[in-house]
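Residue numbers (the numbering used here), protein chains in the order written: chain E, 1 to 375; chain P, 1 to 360.
Idealized CB from N, CA, C, for every residue including glycine.
Since the structure is predicted, the reported quantities are computational estimates derived from the model, not experimental observations.
Shown next, in structure tokens, is the structure this report addresses.
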């Protein structure tokens, strides 16, 4: 039919009912902003939310004091405190975010208000992106609450600017990924309860499942290695000879096959990107460094031939492992950085979830799950 | 934005905008270049907002093996109020969802007729939606928002700026009579009040095509009368109104057209015409009590056409001319007639007859 004529009629009209709409790039984001505002006012900004933030503030205060006491006793620094708080925010966000965003779309459908948005000029993409951004902004409140404690940690010292920037930047991205997963699932799954549960399972798979898979895989896949041990034999005159050489065969776990699982772990991503602070003896000054160097040491295959000499280091009372091994800092320098791969994979997962939500929420709807209502 | 640049809306093109319709004029100034949503449609059919007709042709939709809508065809003209009539489960709501661009038909054609052009709302939902106002049969509302905020949000979702949305929301609140609740959160509204809010939301963008799914349910009698008047006013402005309801006597008073739906199929024009042409019961009351029976027989009415029930006498009339003739004869015979009307509503009778006789 003559769409051109119709279009001309509307475009040429001197305003009226059909002025408006969300044409162009700016228009699209204006519509997204409307949904964000509505979402924050309607779903997030309630008394319960402020209670959660208050409890969170109190918890962070406790953690800060606890870590400060512990770290102070160990002669440590602000780095430990800072990294602990960052991880605590991530922990709380992964506990709260699925519940907060996991019914963003299907909850509104159940409430009967989603369709009243869908019949306006707001497009499905604007709904999905708006709800994602709103969930992200809401979880940022957790970060804002912790700012005073982060400042205290930075004030204590030993936290480099690079660590602050990278850890907070990655934390920000992780909160976005969590929000996207929740909103995406809420669009893909019809039942709010089910989508919230799946959201929690997904977060658990990322945070705990990767750890369990890494541990189990390494333990199951063992590789044999031979260990040659030199011991000293004491003579009657008080001297000793390094004569006894024993060779045994043991097996070692092959964590190097499975370290890739940890790449997608949110905590590892934050740590791996932010591990740069070490003391003069090569030890990390924060939790990031310990985790990152641990992951990078897992990248190395175990040696198949080991040589342990309890004798030749002088007096016959050698402690065997004369080589102290690489420091954490050396491990970190020689290992393969992985945070960008993990973040890219997570972003792809989040984008997939949002795309799926968009696809499932499009109108006019082609397919409907059995027994579901769209209005 | 400088206030100096602001001038009253309408002064550019129309010195005396006609705001006599249901939408009160914007009370405050509107920035130039941002037309009020209320302005154009109130100018009537000659204004820039063209009337929108609706054509539905053999539309089908099934959910799995449930054939909710099997074959629906009808058309609705601007200025008409079309009643969508059918028993529960006849596919009314499914049809409404398809017309509201929420549900895709499996087959068939839906077209909006705008002037000489046609718009396919299934293919171009974003162009059709600003023209359509849909009032769902469910009563969802944003519980934490006030009535005013909810309506402002809806108006802004059509792309209108904040200032326009504020004026429109005020006008909508006045239209549906929710002034006293404007600043209360929508969760405190009663069922009938939510129904009014839902109606206001459907009117948010001055739609040319109104789809109302059970708009009267939950409304008190006064509100129902107001709704009826509002619908007539909207149709008088050249809008196309499609309304479904179980309360047929109410539709009887406003509907200019009717679409009968049973098991997802619309009754054909012929079937409806045949039913309408068939004999119909009229109720007659007089001040003379049982004298009416002999009086009817004395003016030549076949006794077989005369019946009695708890409320008195009924007479089967073949058509309205027949009824007029009987009334004239009764009055001429000196019977003091106080009531002379069809015993049941036209829509109700037609629906019952169609169901009883089969609609194939």
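Length-filtered (3 minimum) beta strand (DSSP E) runs lying within the stretch 130 to 183 of chain P: 132 to 135
Coarse secondary structure for residue 318/P, derived from DSSP in three states: Indexing the second chain from 1 puts residue 318/P at position 318. Residue state, collapsed to three classes: coil.
Proximity test, Cβ basis, 8 Å: residue 22/E and chain P: As a position in the first chain, residue 22/E is number 22, starting the count at 1. Yes - at least one Cβ of chain P is within 8 Å of the one on residue 22/E.
Classification of residue 247/E by the beta-carbon crowding that lies within 10 angstroms, buried from 16 upward: The count along the first chain starts at 1 and reaches residue 247/E at position 247. Burial call: exposed.
8 Å Cβ cutoff, residue 156/P in contact with chain E: Numbered from 1 along the second chain, position 156 holds the residue referred to as residue 156/P. Yes - at least one Cβ of chain E is within 8 Å of the one on residue 156/P.
Rounded straight-line distance, which links the Cα of residue 145/P to that of residue 41/E: The count along the first chain starts at 1 and reaches residue 41/E at position 41. The count along the second chain starts at 1 and reaches residue 145/P at position 145. Cα to Cα, residue 41/E sits roughly 7 Å from residue 145/P.
Buried or exposed by the 16-neighbour rule on C-beta atoms within 10 Å, applied to residue 169/E: Residue numbering aside, residue 169/E sits at position 169 when the first chain is read from its first letter. Residue 169/E is exposed by the Cβ-count criterion.
CB contact below 8 Å: residue 139/P versus chain E: On the second chain, residue 139/P is found 139 positions in, with the first residue counted as 1. Yes, contact with chain E.
Cut-off 6 Å between Cβ atoms - residues of its own chain near residue 2/E, not counting five sequence neighbours on either side: Along the first chain, one-based indexing puts residue 2/E at 2. With a pLDDT of 33 at residue 2/E, under the threshold of 50, the modelled position of this residue cannot be trusted, and the question is left open.
Residues that residue 117/E contacts on chain P, provided the C-beta gap is smaller than 8 Å: Here residue 117/E refers to the residue found at position 117 when the first chain is read from its first residue. Simply 157.
Interfacial residues, the stretch 342 to 364 of chain E to chain P, with Cβ spacing under 7 Å: 363, 364
Contact check, residue 160/E vs residue 107/E, beta carbons under 8 Å: Position 160 of the first chain, counted from the start, is the residue given in the question as residue 160/E. Position 107 of the first chain, counted from the start, is the residue given in the question as residue 107/E. No, Cβ-Cβ distance for residue 160/E and residue 107/E is not below 8 Å.
Among 264/P, 316/P, 343/P, nearest to residue 95/P - alpha-carbon criterion: In the second chain, counting from the first residue as 1, residue 95/P sits at position 95. When only C-alpha atoms are compared, the closest one is 264/P.
Spatial neighbours of residue 133/P in its chain, beta-carbon cut-off 6 Å, leaving aside the 5 residues before and after: For the purposes of this step, residue 133/P is identified with residue 133 of the second chain, where counting begins at 1. Same-chain partners within the cutoff: 202, 203, 207, 210.
Opening and closing residue of the alpha helix (DSSP H) in which residue 272/E lies: As a working mapping, residue 272/E is identified with position 272 in the first chain. Its alpha helix (DSSP H) spans residues 266 to 274.
Where residue 338/P sits in the DSSP three-state scheme: Counting from one through the second chain, the residue named residue 338/P turns up at place 338. In the structure shown, residue 338/P sits in a strand (DSSP, three-state: E or B).
Reduced DSSP secondary structure (H/G/I, E/B, other) of residue 68/P: Residue numbering aside, residue 68/P sits at position 68 when the second chain is read from its first letter. If DSSP states are grouped into helix, strand and coil, residue 68/P belongs with the strands.
Beta carbon proximity, residue 380/P to chain E, threshold 8 Å: Because residue 380/P is not part of the residues shown, which for chain P are 1 to 360, the question remains open.
Exposure label - residue 47/E; buried when at least 16 CB within 10 Å: In the first chain, residue 47/E corresponds to position 47, counting from 1. Exposed is the call here.
Expected contact under 8 Å - CB spacing of residue 198/P and residue 136/P to nearest Å: Counted from its first residue, the second chain places residue 198/P at position 198. Counted from its first residue, the second chain places residue 136/P at position 136. Going by Cβ atoms, the distance from residue 198/P to residue 136/P rounds to 7 Å, so yes, they are a contact pair.
Cβ pair count under 8 Å reaching 3, the stretch 23 to 39 of chain E against the stretch 131 to 146 of chain E: yes
Cβ distance (whole Å) where residue 76/P is taken to contact residue 242/P below 8 Å: Stepping through the second chain from its first residue, residue 76/P is reached at position 76. Stepping through the second chain from its first residue, residue 242/P is reached at position 242. Right, their Cβ atoms sit about 6 Å apart.
Coil, strand or helix - residue 366/E by DSSP: Within the first chain, numbered from 1, the residue matching residue 366/E stands at position 366. Correct three-state label for residue 366/E: coil.
Counted within 10 angstroms of its Cβ, other Cβ atoms place residue 214/P as buried (16 or more) or exposed: Position 214 of the second chain, counting from 1, holds the residue named residue 214/P. Flag for residue 214/P reads buried.
Contact with chain E by residue 30/P, beta-carbon distance below 8 Å: In the second chain, residue 30/P corresponds to position 30, counting from 1. Residue confidence is low: residue 30/P scores 40 on pLDDT, short of 50, so the model does not pin down where it sits. No coordinate-derived value is stated.
Under 9 Å by beta carbon: chain E residues contacting residue 101/P: The count along the second chain starts at 1 and reaches residue 101/P at position 101. Those are 118, 119, 363, 364, listed as they occur along chain E.
CB of residue 342/E within 8 Å of CB of residue 269/E, strictly: To locate residue 342/E, count along the first chain from 1; it is residue 342. To locate residue 269/E, count along the first chain from 1; it is residue 269. Yes, they are a contact pair.
Contact under 8 Å by Cβ, residue 218/P with residue 191/P: Your numbering for residue 218/P matches position 218 in the second chain. Your numbering for residue 191/P matches position 191 in the second chain. Yes; because the gap between Cβ atoms is below 8 Å, this pair is in contact.
Alpha carbon of residue 362/E to alpha carbon of residue 124/E, nearest angstrom: Position 362 of the first chain, counting from 1, holds the residue named residue 362/E. Position 124 of the first chain, counting from 1, holds the residue named residue 124/E. Looking at the two C-alpha atoms, the distance is approximately 6 Å.
7 Å Cβ cut-off: residues of chain P touching residue 123/E: Counting from one through the first chain, the residue named residue 123/E turns up at place 123. In chain order: 126.
Neighbour flag for residue 130/E against chain P, beta carbons, 8 Å: Working through the first chain from its first residue, we reach residue 130/E at position 130. Chain P, which has no Cβ nearer than 8 Å to the Cβ of residue 130/E, makes this no.
Short Cβ contact (8 Å threshold) for residue 108/P with residue 78/P: Your numbering for residue 108/P matches position 108 in the second chain. Your numbering for residue 78/P matches position 78 in the second chain. No, the pair does not count as a contact, with Cβ atoms beyond the cut-off.
Chain E contact for residue 88/P (CB, 8 Å cutoff): To locate residue 88/P, count along the second chain from 1; it is residue 88. No, residue 88/P lies away from the interface with chain E (no Cβ there is under 8 Å from its Cβ).
Under the three-state DSSP convention, the category residue 107/P falls into: Walking along the second chain from the start, residue 107/P turns up at place 107. If DSSP states are grouped into helix, strand and coil, residue 107/P belongs with the strands.
Any C-beta of chain P under 8 Å from that of residue 41/E: Mapped onto the first chain, residue 41/E falls at position 41. Yes, residue 41/E lies at the interface with chain P (some Cβ there is under 8 Å from its Cβ).
Short CB-CB distance (under 8 Å) between residue 244/P and chain E: Your numbering for residue 244/P matches position 244 in the second chain. No - not a single Cβ of chain E is within 8 Å of the one on residue 244/P.
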